[in-house]
Each structure stands twice: as structure tokens, then as C-alpha cells.
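Residue numbers (the working numbering), protein chains in the order written: chain A, 1 to 463; chain B, 1 to 463; chain C, 1 to 463; chain D, 1 to 463.
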């Protein structure tokens, strides 16, 4: 089995920071100490750098059908881009076709990843509704396939939205099999009325995307999902939380002792409604759901990340090309929802979080790796630098300057929402199970080397 | 025109209390002063008594179809019972049949009341959904017919429940025509799942009615309705609010300056879940929706009445005979929902509110007459003792003791939820537009003397 | 006894609005009706006008010593100005000299008013501390002299400030005699440190008055006073509440059912910190404590007035001449604290409250007359238009335009904080106990006609 | 330098859990790996056990004068008992005599510890007031002596209590030198009045200690301290928080992003007001300040520990013998305040926290070691198992059963508040800087081996 030695770095975990060398054997961390002088197949010098657990991105949409098009990255390009950004594990969403069984959807997504993924991956399962066999399928996925989390949508009527009765039954079903329920929390019914009214008034520009999905619709749905999860007595994870009003509901629930968790995404931290007013169709680049919010919301989210009520930063990576975005030229509701982000998550969060003094490097590790790994049943294999854990490591130069640009980033999409932004701090080298996959900007990985991860039950708060 | 003189009483309004005689001419209050010595067709001596504005009950269900049966009081018996309790105005609910137009439903209810009502009455209109002509009908009812309030249900799936999109569109429609939206706030979807699970487990007794409609389902729906009303920019009235958790949402909304109003009912103030545990089918007598709650909820409601966040006490009078209640002998979900209350409202509230020191007589008048009259566009014709107002008056003996019992009460139903309870304070005489309709327990009114009230836009908080 | 007739007006009380003539006999309202044709000594035509209860201003400082100077209005000029503004009752503060007994201070203030006051008046008593005889004096003042409210200061260390132990003992003492405790809620200790630091840095301009008394110091003291009153089990009235943060504490306390009341003043509704930046010493005109706040605070106060958590609008009238204000030319802490307002309260509140649609005319009456009269034991003699109440009446032209200016106002002070502001709505005639004291801008009253009011226990919320 | 090897244990840190051997050299952790086979002076087998960072107890009162007596443990007995309980670092409080300089007090306490302490120790400094040299002394202690935290009391008038101005100035002073301010948050003024009233009524039994220090007095003082710290722009640490109401203020402050931290103590988690009703003088054993609270408070504190708003569990160890406690036989206010706890903290918290499923072993480490070490500037030397950290280690048997009893515990006090309670989980061996000081219940340490710790600035939340 190949061995590796990462020398002279400062190891940072979610609770520690210390100078040490790491010796890797069989893809796992075998020895931690100073001045280790063991022979190794690979030796990396991390002088002047930090050594972090590889990032864990628990919200991606690779190779996902979306109406007449699909998300622009598949598992090959998407996972490679992830690795370039320091992320070594993703959890993607399998979504059944209407009428398709969960197990069939799981197989479909397994096939999408097979032979392509360059880093390790797992799956959540989306639920469009609850049929006769759904409960049994949920149990089987949880028990046998390591798919331990299920997502429902309170938005997108006629497509993915479920009604409250279905959502509540899904919560009860998840409780039965010990799975975690994820919610896309927006009130799709209200939004639908607002969208139709806007279009009827000729309000077709991208900025009406945000105006027809006001924060109150997200806050309401968040509160409703929490109320139902509390009634069902089962944990809840609120994905891509975007605004202060929704966060307030999460915080209140947690103070009452409820098992409620939440994630936000970098775009909600760095971008705002102002971006929708960019000229021409440029605003379409920022169309995702929930939409971008105000700077006061950004502040609240940063406080939530620092203070503990937001435990996960994920990307909701769902890129569409500018050509795809142009489908909504005359009607914002036809712009495919989503934006690229899988590669830039850690750089943005380091720059805005750690460098700006909002939180320390330990919290950064918690938010990008340890927290999501624990919540989604990947820890301690992932998200940790500890003897026995997978040697998913990032050698991180806290001072490296990067100018974000579509041209130099590795996602398969022809724009970046952060085009031109300069961030400090980024990965110099990335190891997946002890193998160097990125080395000073050079790709060393290969498609198909990524392994499917059967996840355990996540470590949620007591319900 | 006949005249009347009410002498020697203490007049109590929502803000005043003073000794004076009242002279009535043409059904209206003409003169207020001490020692009035005008000749009058009728002279009432109110010595030792208070003179209050006649009660305004804005939530009744007379002659209402309910599955295989109907509510036990029609407009004749119901309005007579109301008058016996000191209530001189009601606002009942017209509910279209599935597919029926609003205007047709209005006509139906007008016919139900015609020739029967012994006191004045108005109508709210219930909405089952929104068809193509609904908006126009709402506008016409509001403008031409004095039906200025519309009610929607977030409970009773498959029967009356509307989804969020419909509710939101109704709010926008009400805003358009300046009408007030009323909401029955319970999450019907969640409740439906809970009911089915309970029945599947063989939990069929009346107490499961309460256990399958937990306060969280009401609180959630209340919060959701408020959120949607805020988004629509239009006032909301929460009917029959029953629990502390829902009240907290109303209070928070009002503190934020929203135009949110709420009513509660006497049964939520005096009865509790303990009543469901009465032997045999006796618990069925207390089956209404929302169900009875805990004593801590009662305390919160009393505080809300005293402190201002609850502005209306109405009855939700919807009596069913014990034979009807027995339909649910083997299945609580088949018990017709509702209880009698139209006659006992003011006696109960005086005893529990004023006599217990929770609030003063002015607040009592506000809650039972002035507040509802203002909110529903009946003021100052109703709900006031003022020159020019209708002489709807109650001569109220604050010390009179009454033992509540089905046998002596006048509602057409064979039980009382308060059977045997002794209350102090009650009406000695009741005048409707200057005519004595109740005099020391004797009925002086007659069917058909009641007039339909075209209501104005209510005085809601600024939205 | 002289009689009067006010004809053709629209009477507005805290709960009613109706067209009627009022007949006054013996200083009291004797008869209310339409088309009254009784002979009367005085006949006033109120056509096109409202007839309101005379205003009740429960926070004034007339003839008050203040360091080397004193407030510019005495009981003659102050009460005359009050009447010109529609106010017919004041409650002023008697403040003992250090070491002086409460009874002696009461006598002092009785003498100040005697022969001078042109409208009726009562007194609160300020407490500098608690001596051996204080409890007995409080009991006697409450029982025998109609001084039923006591005020303590949590600000002004070394002058009026009491420590928490003293404040708590005073609350217990007030509870003992059924009196109401008033609190000036600012954290004087913290403010004192901030003031000294500012001065040490050379920050001497008026605007540092506001910067050294930040809203947090008021919010903290408000919360503390509420906590102590709750522990003592006795009602509390927070005077001159100025900011959203303090109001939030009051609102939360009331929602918990505590007997907490609060007033604000017109200057907090219409002026803001921006006024401190006026050129030269002009900012000194706005130096009062608490200081002016931000416009967001104004909004919160208006909502509180409309929604019920603020029940009283008083003036804290405490005028100082520009010469007096100039004492603080080089040191903001030497500017005498206070501003004129006794005359402009009702005009400002009508314009900003009723005309702006923030609340209706009934609420205006509640805030300016009925509410304060009830809370401070003057009702129903004052604050009501009802048979038997004092005929303190204002004939109010809702459309009359007034340009506020020191020159035309009647307070004995050479500036107005509202100089040049145009308000609509104002008194045409003012009656005190049936006597016309102001008639179309002409003074008809006389010094000394005002009577001392022995107040009852106020109608506070249940503690 | 001596070396040590801890083999076959499961290492638990605040974020990780893994099986590994630890090799210790020069008192520090040198190597972490599985199957380490290096020679070592000491070899410990941790099979079946966890290996935790040594506990850090940041709130102790050893050898402290208290009126006519002193706390029963000195630095020899106290630190030995600490070690027996798994605690390897304490931070004690140096308190100046009235008039004594801070530096002199520091010297006094250094002498108390010297030659006696068996584990490492640091000092906080208490402030009785602010003299002319205090700021300079604070700066010197922080910069030169590693005393980076200062404590003030809002309770104990006439003894330790400071007024708000002093507290605020101390906060500003602490901000100046980057120190952390600690607050004993009870409203001493109010309590003093309550105590005197109780005694005057003959209420002398121990339970009146709790009744005269109601939770509201703690909640109020907590809110006040937070408000002042926010105004001063400096972090605050609330020591020995005991009740839900105070915790709610801390939680709200943290949600607003304030740098507020809080600790609780085991007695507030396991004991309650019921203990004051024990027969005879037994209730005196539980007299400490704040007093014990209700079980609902316990629940809130456990939630706070699990959820993050409580970050530290410390002991407030301040034991008095039963003879000392008996001083208050006829007057609860003369019972010396305090109870033993330095030895039982970790056993109780493991049993009640981890075994009961309220939080996991990582959170236990965070609360007992890593959190306090970080907050008080001891990390990463203390509170961590990481290469380079002090080898302060506890070999912890998660299943070991201990019956708590004064006789077998090692604190120099003749009772235990937990007498007879059986807890599972406890230390098998304890290492301080690589030296075994406790081995299977046998004392291997020696007085004087403990070192004084110069602390850095703590890692507080951004202010």
C-alpha cells in the first residue's frame, strides 16, 4: 500500500491547531508527530501552510436533468473542480423521475457517478411524494445503501412540491428508519401566485425572480417545516438557508432544544439582490432559489456561522451555461435555477470568514468539513484529521491570492458569479485517501477513482 | 314612532361609566341625561343595574348543513337564545355549496334568516376556493350587499380546506375590495395524518379529537396565515383562537405593526382537555375545532383579553344534539364539530372576566360589543351607547345569579357544556332598536323583526 | 350655577363618535342629545368641529428649580399655555429638597400653584431616597392628599438617582399604600462615565448629550425597573419612554401580563438626533433626557401608540430660555435639561397621528385624555365626555392650520423646538368645568381658577 | 526527560474520537499513532478506556478568607482532590483585601499556591472597586503576569458589590488591556432588601436563602451586565449561571452577535430548591450564591450545554465544613456561601450529560477542558490532545461506577452535596505534564509540582 508523508505543516482540526507531520498508510492517517522521518512513497512539504481536513460539500447537483437542459457539470468535471477547491467528499442528490421508484433512482445516480467521480461521494434521495412502497424503500436505502437522508421540497408546485400532509408523513417515515429529513423551505404556492402576477404585469427581468420569492416566503416555510418536524419528533435539516428571517426561526427552535440544523451557501454570504440589476441578461447568472438577499441578511448569516446556529456551508452547486440561462431572456421564470460554486466554497469562506476575523480556522474546518461530515454520517472517516481517518487532506496556503475567473476555474460553465473577485487563502495540494489529486494547480487525479460512501445515521441533536 | 326611557341605570360603554337615563326615539338613542322626565311608550327602571350596549356576536352558525345533519338552531331559535343572553346582533356565515356562486349562497342565507331572525344580523361569506367569477362576486358582495368579510379554512382537507396559493389569492382579492379576511387556522394536512394514524391504532374516543389536533397545528397555521396576510398587505382576523402558542404569533405580529386581529370563544376560556375524559360519550359534547386546550392556554387567553391582543369574544355557536353527537360513538372523527354558546357568552365573560378582576366593565363592553362592531363595520350603529346609535341595550344586573342548564337556556339543543355552572351577572332586560325583546326572562320579541345589516368596511389596524 | 350649551359638534370619546349637543350645568355635563334647545349662559357653536375631552397632561415641570435656574413657566403661564393647546388638566411633579419631608414638599408645590393655576391640577411626588418617615408620608399623601403616584430616578447620580435597593424599597412602599410608581429609566452610572469621558476628550457640543446617553442605557434601566416592579408585585409607569429598545421591554412585560405602563412625549415622535447637529448652540434647544433618538425609534413609538403598548402621551414640559441653555455653551453637561411642549402636544399628535392615518380620533382621545386620566386616578371626572363628568371640553377644528412659532405660542420661553412647523387640527374653544377659558385664540381664563385635584388610585393593569 | 506511553485507548477531543497510542516526551504529547512500540519510562494501558484532555476548572476558591472562616481546601488539598476527579488545571480567584493593591493580592495568592499546588494553576483577579492605580495594575497583570481576566460582583453590597458606574469603568479598563471581564450577576441591592425583610419576619431557615435570591434577581443582573458590556464593546463571561431566565438573556445576546460567554456549575444541574427543605440544618449544605433553582431551570441549563450557549462547566468550589455552615443556624444570611465540587465535576457531567444522551463525548471534552482553556487563554497548552500540548491526560473508564461520599472523596470537607449518588464514568489514571498523579485511586502526585500558568488573552467571540 502506498504511503505518504505531509511534513512541516500546521494541522488544523475543528478543535485543535498544532504543528506536526502526518504519515499516511493505506489511505488513512497512521501517525501524527513532529519530525517524522519515515520513508514514504510521496512526501509533501507543507511549510508555511496549514493542513486541513478535506472539504465535505453536502449539497451538489451534478448531471441533473432540469427541464430541457441539465446541470453543466457531470461527476467527472464536477468532482475534479471540487478537488481543485479543496473539497474531497460530496453528497449529491438523487431525484426520481415522476413515478420512478427510489431504488431505481438510486441506481440511476450510482451509474452517473461510476467511472467518473474523482473524489468520494454519497447520495441524498429526493422525494416527490409518498407512494405505497416509499416507506419500505426509505428503510432499505437507509439500512442497506447508506442513503440516510431524504429531501422534500415545499416549493416548485406541480414539479417537486409536496403538500403538508405528505411532508409530515415523510417526516414520520424518516423517523421510523432513523434518517434525516432535508427541506427546501420556500412557500411555493405563494411564490407561484407572485410569479404569475409579475409576468402578467410584464415584469419579466431577472430581478423579478427575487421580488417574487421574498424572504417571508422562505421564513414561513422554514417555520412550518420546523413545526412539523417537532410534531413528528424527528430531526430536520434546512438546506440553503438564505435570510435573517428564516435563520431566526432556526435559532429559536434550537434554543427550545429542537433537533433543527441548517446550512447556508457562499452565494448568500457574498452576493446580494443588487446583482440582479446587472445589465442585460447578466442578472440571470444569479438566478437560484432561494434568491440572493440583502446585505443585512448576509450579516445575519455570518453571525449564524460564527455563533453556531448555522452548522454547514454547502454549495448547492448547480451550474447552467449562459446559453441555458438565456432561455429566460423574456421570462425570468424560465431561467434555469442554479449557479456554480463547488470549486470556490472554501476559498470564499476562508477569505470572508477567517481572514475577516469573523471566526477562526477551527470554526472554518467545522463548517466546511467536520460539521457536515458528522451531520450526514460520514464522520470520523471524513471531516477529521485523526489516526484512522481517511487521509483526505488539504495543504492550505492562508496567504495565497487567487483571482476568481471562469476561465481559470475548473467548473464546466462559462461564467463565475464572483468573476474578478480576489480571495486570499487556497489549496496548494489536495489528497484523497492519501493520493495527491491536486498539486500546485495541476490535476493528478483520475475519473473513477472516487468511491461511493455508504453513510451512517448522522449525528443530529437529540430530537 | 315608539319611544322608550331607560331610567336610573349606570351606563357603561367601552370607555365610560356614568349614571344617566337614556331616551330612545325611533329605535335610536336620542337623549342622555340624569333625571329625564319625558313621556315614553315604554319605561324601564334600571336601578341597581348597568346599561350596556347590546352584545355583538360575530361568529355563529345557524341552520348550517353539516354532513348528514345540520346545526340545531335556526335563525328563529338561535337569535331568540342570543337575545336571552344579551346579544342583539349576530354575524353568521354563509357558505356556498361546492360549485355554488357566492351570490347564490348569499341569497340562500338571506332566505334562511328572513322571517325568522328576532335580532339584527349580517353575514360573512366563506370561500371554498377561487373560481373565475369569485373576485367579481367578492367585490359585488362588499360593495352592494354589505358582506365585507370572507372566511377561508386551512383545515378540513377535501371539504373546506384551501391550499396556500388559494388563500394568498383570496387575501389579494380581499385587499382589492377592501374586505377583511377571516381564517380558520389549523393545519388540516397534518391533522388528517394524525387522525388517520389514531384511528388505525384504534384510538376512537372523543379525547383523540384533541390529541390529533395539537396546539402546534393551530400555531403553525396561524403563523402561516399571518405571514401571507403580511405579504398581501391586507388585514387578517383569526377566528376562534384557542391556545397560547397561536396567541403568541398574533401578539408578535401586532407588535411588528401588522393588521392582525383575533377572537377567542368562551369555551376556550372555561373548558379544557380534561372535559374530553368525561365518561362514555360525554366527551363528544366538547368536540369542536380547534379543540379545548390546557389551563395554561386559558390563562394566556385571559391575559390576551385583558391586554389587548385579543379583541373579540365570539361564540362559534354551532350546536348539535346529543343524537347527532352520537354519530361519532365509534369514531371521534365522525362527531359533528361544534357546541352551543350563543346565549351564555356574556354571562360567562362577565363572571370570569369582570367579577374575577381580570378586566373592568369597559373592557367587557369592548370585547363583547364595541370591538366586534368596529372590526366588522357595524359601528357606530351597533356596539355603542351614543346619541344616534341603535338603541340595542342590555339592562345588566351585575349580581344576578344564574345556574346554567340546558333545560332553562333557550338554545335548541339538549345539553349545555356548562351544565350546572353558576355565574353571576346577567341581563334583566334586552332592547333591540328600542323594543324590549326580553324582560325579566320573558320573551317579548318575535321572529322576523330582525333586520339584515349591510356592513361597512371594518375598522382594522393600518396594514 | 352658570350653564353652557355646546351645539352642533361631533362628540368624540375614547370609544365613540356621534353628533350631539352637550348641555353643561354646574360645571358638569348634564345632558347629551341632538337639537337641544335649552337656554344657557353660554352657547358655543361647534359646527364642523369635533368636541373632545379636555387634554390631560400628566408630566409637567412648572416653576421647578434646576441648579442655578428654574423652568421658565410657572403655574400661571404654564397652565394658560396648556389651555391654549387644549389641555385642561395637568399633573405636575413635587420634588423635595434634599432632606425635606414629602409633606413639606407637597405644601411647597401647593403654594406654587395656588392663585396661579388657570386649569385643574394634581401632583406626583418625587422621591430622592427613603428616610425613616418616608413610608408613613407616602401613605398619608396617598390616603389624605390625593397624591397617588411617586416617581424615582435611575439617572442623575448625586442629585436624584436612587440605587436599586432604594428603588425596590420604594416599590414595596408604593404597593403598601396602593400608589403607582413612576420611573425615569436611564442608567445614570453608565451615562456619568460616558459623559466624563466625552468631556475629557473635548467633546463638549450638544450632540454629545445624545451620544453619552445611548438608547441601551434607557433600555437597560427600563428592563431593570420592570424586573424590580415584577418582584415587588406592584404596577410601574415608565415616563418619557424614547426608544424602540425600551419599548420592546415594556411590550414583552405586558405580554407576560405584568402591570407595566408607559408614556412617550411628542418630541420623541417628531424630532431626532439630527436636531443636535443644528449650527451653533441651536442643538442645545433639544437637550432633554432621555435625548432625542433616531427615526426608526419614532416609527416604533408610533406603532406603540397605535397598538396599545404606549398608553399616554405627556409632555415632560420643562422649558428653559435660550439664555439658560447657553450655560452649556462649552460643556453640554451644563445645558439645563428640558424643552417646552405643554401647548403643542395635542396639535402635534393630531397632525402626526390622526391626520397621518396612524390611528383614529378615538385613540387620540384615549392617548391624550382618557388613558392618562384613568391611569392616574382622575377618571371619570376628567378624560371623559359623559353625564356627570367635568365639562372640560375642547372644540376641535380638525382642519385648522397652525404654524408653530415661539412668538405666537403662549409658553414663557423664547424658542420652540418645532419653530415653523405647520400642523393641521387645533382647538377653537376650550372649556374648563364649563367655563370658556380659550375662545378663538383669546384668553378668557384667569389665574387661580384652577382647582387642586385629589386623585384616586389609578386604574392600572392587574399586578 | 521522562517519557510515557498511553496505549490502546480511544482518544477523545472536542472534535475527534479515534483509537491511538500517545507518546509523551518532556511533558508534552510527541507522537500519536496506532501500535506505537517505543520504550517509555511509564507505560499505561488504557484498553477499554477513553483518553481525554485533563479537565480545566476555571472557577475555584481555595484557601479563601470568608468572614470569620475560610474555604476548607487549600491549594494542596484542593488541587489533589481536583486531580482525583480528572481535573489537571484550575484557575482560582485572587481577591484583594479592601484597600489592597491588585499586585499585592496577586502576590498573596501566588504564595498561597506555591509549594502546595499539585497541578497547574492560574489566577483571575477580583476587583472590589477602581482606584487611581487600578487601570495600570490591570494592564500590568494582563501583560506581565498572565492574569488576563477580572471579576466583578453585582451582589454582596458593602462587601464586594460594585455599582454600575464602577462595573462599566472596569469593562472599559478590561477592554483597554484586552482582558476578559467576569461577572457575578445577582442584583445585590434587591436581594439585600429581601433578606432583611425575611429576617424581620423571622424567616431564618436555609430555604429563605433561595427565596430571597429569586431567579429574577440573577436574570436582571445578567441582562444589565450584558448591556453594559455591549456598550463598552468588550467581551463578558457570566460565571455560575443558574437559571433559565438568565440563560435566555445570554442566548439572546449571542444571537445578536455579542461577545457573551457563560458557565454553569454541576450543582445547578443536579440539585434543586428541594434540597433546602432537608431536615434541620442540612439545607445549609446547599447554601451558595446564586442558590439552587427549580428542575425546569436544570432542563434549560442542560439544553444550553448541549446547544452551545453555555460553554463552560466549572465548579465554584468553595467548601465549608458543617461546623462553619452551622454559624447560620439561626440566620440563613450567616451561613457561609459555597459548596465543594472540584473533585466531582467530571464524573457528574459525564453521567448526566453523556450517559443520559444529552450530548456526546466530544461536547463533554469541550465543556470541561477545551472550551474553558480557549476562553481563558490556556489553549492549546491545556485542553487539547495534540502534538505539542501538555500531556495532561485522563484515562477515563466510561463504565466505572462510583458512589459519591464525603468519606471517600478527597476534598477537605465533611459532607458531600451528592452523598450517596451513584455515577458511572470516572478517571482511572490522571497525568499532569506526562507524570502520573493519580493511578487507580492512588495518589502519585506531590504538593508543589504544579506550575503557575501565565495565561494569554482568551479566545472570545468577536465583540
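All residues carry an ideal CB built from backbone N, CA and C; glycine is no exception. Keep in mind that this is a model prediction, so the values were computed, not measured.
With fewer than 16 other Cβ atoms from the protein chains shown falling within 10 Å of its own Cβ, residue 443(A) counts as exposed. Per DSSP, reduced to three states, the secondary structure at residue 266(D) is helical. Apart from sequence neighbours up to five positions away, the residues of its chain that approach residue 208(D) with a beta-carbon distance below 6 angstroms are 198, 332, ordered along the chain. Burial state of residue 98(C) is exposed, judged by a 10 Å Cβ sphere holding fewer than 16 other Cβ atoms. A straight line joining the alpha-carbon of residue 290(D) with that of residue 460(A) spans about 33 angstroms. Taking the Cα positions, residue 63(C) is about 29 angstroms away from residue 396(C). With respect to residue 168(C), residue 193(D) sits close: the two C-beta atoms are nearer than 8 angstroms.
Note on geometry: alpha-carbon atoms of residue 79(C) and residue 341(C) lie some 12 angstroms from one another. Residue pairing by DSSP places residue 70(A) opposite 65(A) in a beta bridge. In the structure shown, residue 116(D) falls within a coil segment according to DSSP collapsed to helix, strand and coil.
Listed by position along chain A, the residues whose Cβ is nearer than 8 angstroms to that of residue 298(D) form an empty set, because the closest Cβ is around 13 angstroms away. A residue is called buried when at least 16 other Cβ atoms come within 10 angstroms of its Cβ; residue 65(C) does not meet this threshold and is exposed. The CB of residue 13(B) comes closer than 7 angstroms to the CB of 15, 16 in chain C, given here in chain order. For residue 290(B), no chain A residue has a Cβ inside 8 angstroms of its Cβ, as the nearest lies near 15 angstroms away. In this structure, the straight-line span from the alpha carbon of residue 87(B) to that of residue 343(B) is close to 8 angstroms. Comparing alpha-carbon positions, the option among 10(A), 8(A), 35(A), 1(A) lying closest to residue 24(A) turns out to be 1(A). By the neighbour-count criterion, in which 16 or more other beta carbons inside 10 Å mark a residue as buried, residue 295(A) falls on the exposed side. The Cβ of residue 31(C) sits closer than 8 angstroms to at least one Cβ of chain B. Considering only beta carbons, no part of the stretch 388-416 of chain D lies closer than 8 angstroms to chain C. Residue environment for residue 38(A): exposed (fewer than 16 other C-beta atoms within 10 angstroms of its C-beta). The criterion of a C-beta distance shorter than 8 angstroms is satisfied by residue 345(B) and residue 313(B). Counting C-beta pairs with one atom in each stretch, the stretch 404-417 of chain B and the stretch 365-378 of chain B have fewer than three that are closer than 8 angstroms, which means they do not touch. Nearest to residue 281(D) by C-alpha distance, out of 52(D), 223(D), 13(D), 322(D), is 322(D). Following the DSSP letters along the chain, one finds residue 84(D) inside the alpha helix (DSSP H) bounded by residues 75-84. At least one CB atom of chain C sits nearer than 8 angstroms to the CB of residue 230(D).
At a Cβ-Cβ threshold of 8 angstroms, residue 56(B) and residue 12(B) do not count as neighbours. With its beta carbon less than 8 angstroms from one in chain C, residue 255(B) belongs to the interface.
When rounded, the separation of the alpha-carbon atoms in residue 133(A) and residue 108(A) is 18 angstroms.
Taking C-beta atoms as the reference points, residue 250(A) and residue 239(A) fail to come closer than 8 angstroms. Contact between residue 235(C) and residue 229(C) holds: their C-beta atoms lie close to 7 angstroms from each other, under 8 angstroms. By a beta-carbon distance limit of 8 angstroms, residue 185(C) does not contact residue 212(C). Their separation comes to about 16 angstroms.
Contact holds between the stretch 148-161 of chain A and the stretch 173-189 of chain A, because three or more Cβ pairs, one in each stretch, are under 8 angstroms apart. In the DSSP annotation of this structure, the continuous segment of the beta strand (DSSP E) that includes residue 153(D) starts and ends at 149-153.
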